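Trainee:
Number of protein chains: 2
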Amino acid sequence: MDKEATAVGRSFPRIDALEKATGRAKYGIDLEMEGMLHAKLLRSTRAHARVTRIDASGALRLPGVRAVATIEEVPKVVQYWFFLRSEKKEKEMVLLDNIVRFVGDPVLAVAAEDEETAEEAVTRVRVSYEPLEAVFDPLEALQGAGIPIHSKGNVAFRVEKQFGDTRKGFEEADLILENHYQTSKQKHAPLEPIGTCLADFRPDGRLTVHSSTQLPHWSRMYMAKAMDLPMHRVRIIKPFTGGAFGGRCGLIHGLEMMTSWLSRKTGRPVRMSFSRREEFLATESRHPMAINIKTGVKRDGRLTANEIRILADVGAYGTHYIGVLADCLSTGLGLYDIPNVDFQASAVFTNTAPCGAFRGYGNPQMNFAQESQLDMIAQKLGIDPVELRRRNYLPAGRTDPVFNDEIRSNGLEECLDEGARVFGWKGKTEGKEGRGALKRGRGMAVMLHGTGAAGALPDPASATVMIHADGTVSLMTAAADEGQGNRTALAQVASEVLGIEMEKIGLSETDTAVTPLDGGTHGSRQAYCGGHAVKMASEKARARLLEYAAGELETPPERLLIRESRIHDAQNPEKGITVADLMRKVQIADMSVCEQIVETFSGVAPAMPGYYGADFAEVEVDTETGEVRVLRLTGAFDVGRAINPGFVKGQITGGGVMGIGWALSEGLIVEKGRILNAGLTDYLIPGAQDIPRMDALIVESHEPTGPFGAKGIGEGSMVCVASAVANAVADAVGVRIRDLPITAEKILSALRDPGLR
Amino acid sequence: MDKEATAVGRSFPRIDALEKATGRAKYGIDLEMEGMLHAKLLRSTRAHARVTRIDASGALRLPGVRAVATIEEVPKVVQYWFFLRSEKKEKEMVLLDNIVRFVGDPVLAVAAEDEETAEEAVTRVRVSYEPLEAVFDPLEALQGAGIPIHSKGNVAFRVEKQFGDTRKGFEEADLILENHYQTSKQKHAPLEPIGTCLADFRPDGRLTVHSSTQLPHWSRMYMAKAMDLPMHRVRIIKPFTGGAFGGRCGLIHGLEMMTSWLSRKTGRPVRMSFSRREEFLATESRHPMAINIKTGVKRDGRLTANEIRILADVGAYGTHYIGVLADCLSTGLGLYDIPNVDFQASAVFTNTAPCGAFRGYGNPQMNFAQESQLDMIAQKLGIDPVELRRRNYLPAGRTDPVFNDEIRSNGLEECLDEGARVFGWKGKTEGKEGRGALKRGRGMAVMLHGTGAAGALPDPASATVMIHADGTVSLMTAAADEGQGNRTALAQVASEVLGIEMEKIGLSETDTAVTPLDGGTHGSRQAYCGGHAVKMASEKARARLLEYAAGELETPPERLLIRESRIHDAQNPEKGITVADLMRKVQIADMSVCEQIVETFSGVAPAMPGYYGADFAEVEVDTETGEVRVLRLTGAFDVGRAINPGFVKGQITGGGVMGIGWALSEGLIVEKGRILNAGLTDYLIPGAQDIPRMDALIVESHEPTGPFGAKGIGEGSMVCVASAVANAVADAVGVRIRDLPITAEKILSALRDPGLR
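This is the structure we're talking about:
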């Protein structure tokens, strides 16, 4: 089937393109419901305090105000779906107390007839705080400063993992390099701000939440748990969503819970929408990490040892820190064949805005440190950086050290080849150009990222295929599409398996009431995990089609093929029946049958294969201003198989741009828990003028466990961009910035301080 | 399982009761959508004419008018789902021309920004008609009068069926009785007027129609066919519905098609709502029938022959006349063991408002004639009417003459026993009472009706059962609930099979996009056909539950029971696991599984069992005014098994009231194609003061092919009411009215004309 694929491997436009292009698509902010109330949050002005009294009487007296919900009554969800696995663990998910833990932490929500009234009402609430000692610096938090932010203390999580013997590894090394790296608190900043939902609590106890979540099914479980409702009465419907990148990978702090609570109190639908400023002040961001890394290497470039120490800042609440640290470990260690590794990482709470899932999930931080190390090693040993990776990467056939599973596909070498060829990589020392103060440099870096989370986390994927009487198909999937097109790719998988053309495949809404359990869109998992489920369900449906056709055509099913919606005998192509005619017969004409083919697959994908990539960057640094411009970025990624090459290229390009932002400008500036650059005016994401010439290159290694060989791409596309840019900057101006973002100030100050060279 | 049933056989309240009682339930008229336009129809003032010119310029000039759609562009659907079975037959379903065929036939629809503008716009359209000769009388239509209404002529359908030899049968008879009966053009007149929909045609070619149809899936196919759209792009969503009774058993003439057409033209959602007057003028009604029946009987009451001639008036269009005449045949012949039958029936088109499906579907008409005959025979032979039925009915174990299938259950004898006992039946000749001009009388009648249409029509039923991680369940079904509670009954079936309590079972919406193929709510079929599908799907889900539990408990699955959501070893009840714990494990905790149990059944029910009933009526006739009051109505019905006895009693009661209306007052008055009593002021349905003392008695014969023994009830409850009332009237005053409704005028005129006695 694969060789003559008709749907897989083709760049179909997004199934929802017309809806979006014509403006008919409804995003969170467009949602309206008859009788809807509007909610606003009152947010803490304190970084750490106990709320001792809330006087909402002034607000409640305001005409149009219908209800308030307070911190004391509305639980928070403070863990992720890994904790749903037992009744005991589940208890750790929900937190209810009267403590505010960061500036912006919700204290109360008001529901009113209109948004203005709700805003006004919030200003009329008086809150009395009992101040608690706050801690903002993760190192201080680790050392026990401040009043513990959570009952278990300020250390949220700690992981230690040793492989081999690093002492021995460093002894064997010809060169040992130790450096300290720091990464920034990056915001997802999607096109559509994070923080809109509409909750409708019905008199019979049914709760429907329209939420732009990446995890409709897990969100349903969170809501059911925190609201104490049975799951069959909780429904999450996802509207069109303008980007997520991990920022919607769970409930939004204070959003769905407060809104649903107000809906239950008032018996009316309630919508809440954060402003862009609120999004920046109080929704999750990337974990800033301090990473110390000591690397040992032989003269020939073979790595002998790595000692890694990570301190991650979780902020005041954090749902994903366990996974994020685990990802630092697995992606960092799985990339290279290093016999001796000592990995120790801690995540600590601070009284700052919470951190959570973000494209790459700890990997970009770890990658920045490790790939900077390798770049320095290459320079010091006089080995081409590409060659250095070739000598050290863990190829297919070997075993992943962390997950202890076979690497079944690894196209990193082809990524290096193809990326270097297209980029025109000639080694770093050659070809340096520039005019006057403008210095050019080249750098590269590689990455590994896991596809999905099979075996590491609960990771279900499901799909239902319904074939209609006219031979068209509905595919039911809860896969959340944030704009990347994954649902279109899933339709392509169904089309390919069924032999039914793309225009005949329709998709359900992303609605937990109608779609079977899916683990959500995160971990670069939908093409692989969702694709696997769709493929399995489609194969079951196809088998049923062939079974009926076999009876009709009096031909054994194994001899039948489906092409362009026609089932025919492979040995006698004239002998056939269209799917439409067959289905009409089965569903309508044969009154003894009347069956619609409906097949579901639900389960976990067979593996968590790594996908690989290499980025090559060329930069120009103005040594007078310190400004860095990326002139070119070439990304080559082994995605196993590109179900929809256009979407894969979109990911590579988008991830490239996001990586440039993280490399050069992005990061919240926090002073004593107050965010100084809350909004897109002061927090700079790359604009059109910052986007370089880009090459998005697809390498296909064909993952044997993947649907048609597919793995992932979503996150990996941004993982090693900053590393490549930092390496290029070092190449251009000879100073290495180990503290992201690489701002002009840091460049200038480094240029002035030869110690940094 | 059955003996200790916990969910089946209990009168649970409707699952949607709270939604309705609190006013949150949305009916058709409540539907709104952003940017929605309002549509109004311009209806023909002619009974039969060719539309030669439509000048809508005046309407289109009116500010706020957005589009018109005309008779010349919008197809009509003029057949029912039996015609979907081949591409050739399907062509007969759709009609597109410029002929109006009855007063009220839609000529054009206008879409405007508000309802008032649409109404005003309609008045500004000029239509030129070329008159065509009309025919209003079915006998004239049969004889070829008028210009043929449809291309195939005025005879829509004819059926002839002979069993045995009627000549011989009449020779053997000791008594031969021949009479002519006439029935009225009854309106469904549900609480919620018929004729509201909202259509939303999207730029990508997807059409969603919110329609109160009884047949969501067939309506989808009709719309797809008539609008030339693939089925996966057509979605029917059913809002809450205030009664149907067959009146929504297909597309509503001029409603969904015109509205969808306007939505496609304007790119905006469009809603159309008929007024009650429009409903009466131009939606379907019960087929008026002229029935001539000649019955031969032996002195001992054994029937020897029946010769039946029926002429049914289809009106100008008719989708269901084939089925309706077939039902006259099968219900009339299946009830009694008559060796010699000659059945001939014709349905003809006339230039009157269309007729269609209506509770009973031809059976009440046939029943009225046949049961009046039996009453006269009983009187003439001096046999008690109950005894006469006992001697003639076709019992279980015999073969249905029309469908040639075994009668597996027949509780008619128990219905007679129980009905007579509760009613206090003492034979007709005794106990006649009355004061002065008020005469009292008693009558009874029996009926058979088919459950569903397996084998006679395409009759699919499907259901999907999803079990959630907390052990609660979602049941996906397209079963249309018109208020009778059938969806609650289906949930009871799932609850019973799964051993999971009712409060843990949730129901999907009635939405073709999310539910598998279902033949709709008609033919008294949902408890039986829908129940069968739900039972099968639930059994599959239960087997999966037990399979997982068997592994967990190390006990063979066949030894496991589920009670109150706990699975336990029948031999050791201590050994068990809750469904919630098991599902949590399977879906979340065991990361190698992560499967949600989702099981679907789709297919046809095993049979079309007959269900039986007897009505006993006591009336009081005012011989001075001719007025008839029903004092008491006792209905005893063999429903196989009452899944929800409360709902069954609701049907028996509601059917009883509707039957009284048909017996005494209901019927459109049509003069030269013009309806004179269009609305509830002039068309009288029974009011609270008309409702007698009623007994709703349930007999359970346990149908072996039915879910937990269930058959149907919905239609049958009204089938023999008018027969019983007419027989009681004859008993009271000695005159027999053979022309429904039994109005005061007819009584008085009959009392004056001794020939009618």
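Protein chains in written order, with our numbering: chain A, 1 to 757; chain B, 1001 to 1757. The C-beta atom is built at its ideal place from N, Cα and C for all residues, glycine as well. No experiment lies behind these values; they were computed from the predicted model shown.
Three or more beta-carbon pairs under 8 Å between the segment 1639-1659 of chain B and the segment 1706-1716 of chain B, yes or no?
Mentor: Yes: at least three Cβ pairs fall under 8 Å.
Trainee: If the criterion is Cβ atoms closer than 8 Å, does the pair Thr1653/B and Gln1365/B meet it?
Mentor: It is not a contact, given that the beta carbons lie outside the stated cut-off.
Trainee: Have a look at Asn1727/B and Gly1419/B and give me their C-alpha separation to the nearest angstrom.
Mentor: Spanning the two alpha carbons is a distance of roughly 16 Å.
Trainee: Please go through the same chain and pick out, in chain order, the residues whose beta-carbon is closer than 8 Å to the beta-carbon of Pro1203/B, but skip the five residues on each side of it.
Mentor: Excluding positions up to five away in sequence, the list reads Gly1267.
Trainee: Closer than 7 Å by C-beta to Tyr548/A: which residues in its own chain qualify, once you throw out the five before and the five after it? Chain order, please.
Mentor: Same-chain partners within the cutoff: Leu582, Val586.
Trainee: List the whole-angstrom C-beta distance separating Ala614/A from Arg632/A, where the pair is believed to meet the contact cut-off of C-beta under 8 Å.
Mentor: So it is not a contact: roughly 14 Å between Cβ atoms.
Trainee: Going by CA-CA distance only, name the one from Ser495/A, Thr22/A, Val78/A, Glu558/A that's closest to Gly250/A.
Mentor: Here the closest residue by C-alpha is Val78/A.
Trainee: Return helix, strand or coil for His1449/B, following the three-state DSSP convention.
Mentor: Looking at His1449/B - three-state DSSP - the assignment turns out to be strand.
Trainee: Kindly indicate which three-state DSSP category Pro148/A falls into: helix, strand or coil?
Mentor: Coil.
Trainee: Applying a beta-carbon distance threshold of less than 8 Å, which residues of chain B neighbour Ser592/A?
Mentor: By Cβ distance, chain B contributes Gly1455, Val1604.
Trainee: Check the DSSP bridge columns for Ser1346/B and list the partner residues they point to.
Mentor: Arg1158/B, Leu1311/B, per the DSSP bridge assignment.
Trainee: Can you grab the Cα-Cα spacing for the pair Ala478/A / His1449/B, in whole Å?
Mentor: The straight-line gap from Cα to Cα measures roughly 43 Å.
Trainee: Using 7 Å as the cut-off, classify the Cβ of Ala728/A as near or not near the heavy atoms of the ligand SAH, replying yes or no.
Mentor: The ligand content of the structure shown is nil, which means the ligand SAH is not present either.
Trainee: What is the DSSP secondary structure of Met227/A, counted as helix, strand or coil?
Mentor: Of the three classes helix, strand and coil, the one that applies to Met227/A here is helix, per DSSP.
Trainee: For His180/A, does the count of other Cβ atoms within 10 angstroms reach 16, so buried, or fall short, so exposed?
Mentor: Its Cβ having fewer than 16 others within 10 Å, His180/A is exposed.
Trainee: Give the residues of chain B in contact with Gly506/A, contact being defined as C-beta atoms less than 7 Å apart.
Mentor: What Gly506/A touches in chain B: His1232, Arg1233.
Trainee: So which of Tyr1612/B, Tyr1683/B, Glu1620/B has the shortest CA-CA distance to Tyr1336/B?
Mentor: Closest by alpha carbon: Tyr1612/B.
Trainee: Look at the Cβ atom of Pro1395/B, then the Cβ atom of Phe1274/B, and state whether they are nearer than 8 Å.
Mentor: For Pro1395/B and Phe1274/B, no; Cβs fall outside 8 Å.
Trainee: Determine the extent of the alpha helix (DSSP H) in which Glu1130/B is found, giving its start and end residues.
Mentor: From DSSP, Glu1130/B is part of no alpha helix (DSSP H) but of the beta strand (DSSP E) over 1126-1131.
Trainee: Compute the Euclidean distance between the alpha carbons of Leu1475/B and Lys540/A, then round it to the nearest angstrom.
Mentor: Taking the straight line joining both Cα atoms gives about 22 Å.
Trainee: Looking at the secondary structure, which residues open and close the alpha helix (DSSP H) in which Met1258/B lies?
Mentor: It spans 1256-1266 - the alpha helix (DSSP H) in which Met1258/B sits, taken as one unbroken run.
Trainee: Can you list, in chain order, the residues of its chain whose CB lies under 6 Å from that of Leu1018/B, leaving out five sequence neighbours each side?
Mentor: Same-chain partners within the cutoff: there are none.
Trainee: If you follow the beta strand (DSSP E) that Val604/A is part of, which residue opens it and which one closes it?
Mentor: Run containing Val604/A: 597-604, per the beta strand (DSSP E) assignment.
Trainee: Determine whether the beta carbon atoms of Glu1599/B and Thr1464/B lie at a separation below 8 Å.
Mentor: Yes, these two residues count as a Cβ contact at 8 Å.
Trainee: Can you grab the Cα-Cα spacing for the pair Thr1578/B / Asn1572/B, in whole Å?
Mentor: So the two alpha carbons sit approximately 15 Å from each other.
Trainee: Per DSSP, Val1422/B is paired with what?
Mentor: None; Val1422/B has no bridge partner.
Trainee: Would DSSP call Arg1391/B helix, strand or coil?
Mentor: Of the three classes helix, strand and coil, the one that applies to Arg1391/B here is helix, per DSSP.
Trainee: My assumption, with CB atoms under 8 Å, is that Val1657/B sits in contact with Ile1691/B. Please give the rounded CB distance.
Mentor: Confirmed, about 6 Å.
Trainee: So if I threshold CB-CB distances at 8 Å, which residues from the segment 1214-1233 of chain B count as touching chain A?
Mentor: Per Cβ criterion, the list reads Met1221, Ala1224, Pro1230, Met1231, His1232, Arg1233.
Trainee: Is Thr1515/B helix, strand or coil when you go by DSSP?
Mentor: Of the three classes helix, strand and coil, the one that applies to Thr1515/B here is coil, per DSSP.
Trainee: What did DSSP end up calling Pro1573/B once you bin it into helix, strand or coil?
Mentor: Strand, per DSSP.
Trainee: For the putative contact between Gly1531/B and Asp1518/B, defined by C-beta atoms under 8 Å, what is the C-beta separation to the nearest angstrom?
Mentor: Not a contact, Cβ separation roughly 12 Å.
Trainee: Are the CB atoms of Gln370/A and Ile293/A within a distance shorter than 8 Å?
Mentor: Their beta carbons are under 8 Å apart, which means Ile293/A touches Gln370/A by this criterion.
Trainee: Which chain B residues are close to Met608/A, counting only those with a beta carbon under 7 Å from its beta carbon?
Mentor: Here the premise fails: no neighbours, minimum Cβ distance about 11 Å.
Trainee: Cα-Cα, which of Glu73/A, Leu740/A, Val297/A is closest to Leu175/A?
Mentor: Cα-wise, what sits closest to Leu175/A is Val297/A.
Trainee: Please classify Pro1516/B: is it buried, with 16 or more other beta-carbons within 10 angstroms of its beta-carbon, or exposed?
Mentor: Pro1516/B comes out buried.
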